[in-house]
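In the working numbering, the protein residues as written are 1446 to 1689.
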């Protein structure tokens, strides 16, 4: 490999080689980047995240139920330096762990029951509120439609009345109404003559009242505006004091 020629080139460095080049993660950042690149290379691939023992125990899928009883629990009468003391400590630790698991299971059950109860109550309140709002919207929509219908009906009725009146009015002169037209013209002539007589009477009455007022010396003419008096030129009023 140290000589000349293509035989001295490593296989991984040769361009003609199909072997993938080995890359070493020099830093934790490059290792994380390589892992992310591998994940994004296949986005459709299902990723299975391993579950820890504690999480599996809490979920109830990995570990079994706590034992019903711990047998061969030693008493605390053994000496601190004997082997029975360590057996007793281990047995007591297992018993405490069992009781703790039972309490945790009971607490999870209570929390689940409370959560479901609160969820049902919240959904019931939301449904009731949504129902009230929907009823309000429907009432407002019906009221708006009814008011629009009434306004449209009134306008249509007025238009129909006007069109009926216009259609009932005669367009041109009628042959059968000649006598009525003559009677109407006579009535209008008589009314004009009567109005002329009344005007003459009113003029005569006004003239007589004017003459009577002139005889009594009272006139109904408008007052004549008087010119303002001008001040006299020359010295004004002199006041002398006799006490001096």
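Think of the CB as a built atom: it goes at the ideal place given N, C-alpha and C, for glycine as much as any other residue. Quick caveat: nothing in here was measured; it's all calculated off a predicted structure.
Where does residue 1472 fall in DSSP's three states?
coil
Given that a residue counts as buried once 16 or more other Cβ atoms are within 10 Å of its Cβ, and exposed if not, what is residue 1507?
Here the model assigns residue 1507 a pLDDT of 43, short of 50, so the residue's position is not dependable and the matter cannot be decided.
Restricting to runs no shorter than 3 residues, where is the beta strand (DSSP E) found entirely within the segment 1558-1586?
none
How many Å lie between residue 1567 and residue 1472 at the Cα?
52 Å
What number of angstroms, rounded off, separates the C-alpha of residue 1488 from the C-alpha of residue 1480?
13 Å
Given this structure, state the Cα-to-Cα distance separating residue 1587 from residue 1559, to the nearest angstrom.
42 Å
So, with DSSP's three-state summary, where would you put residue 1497?
coil
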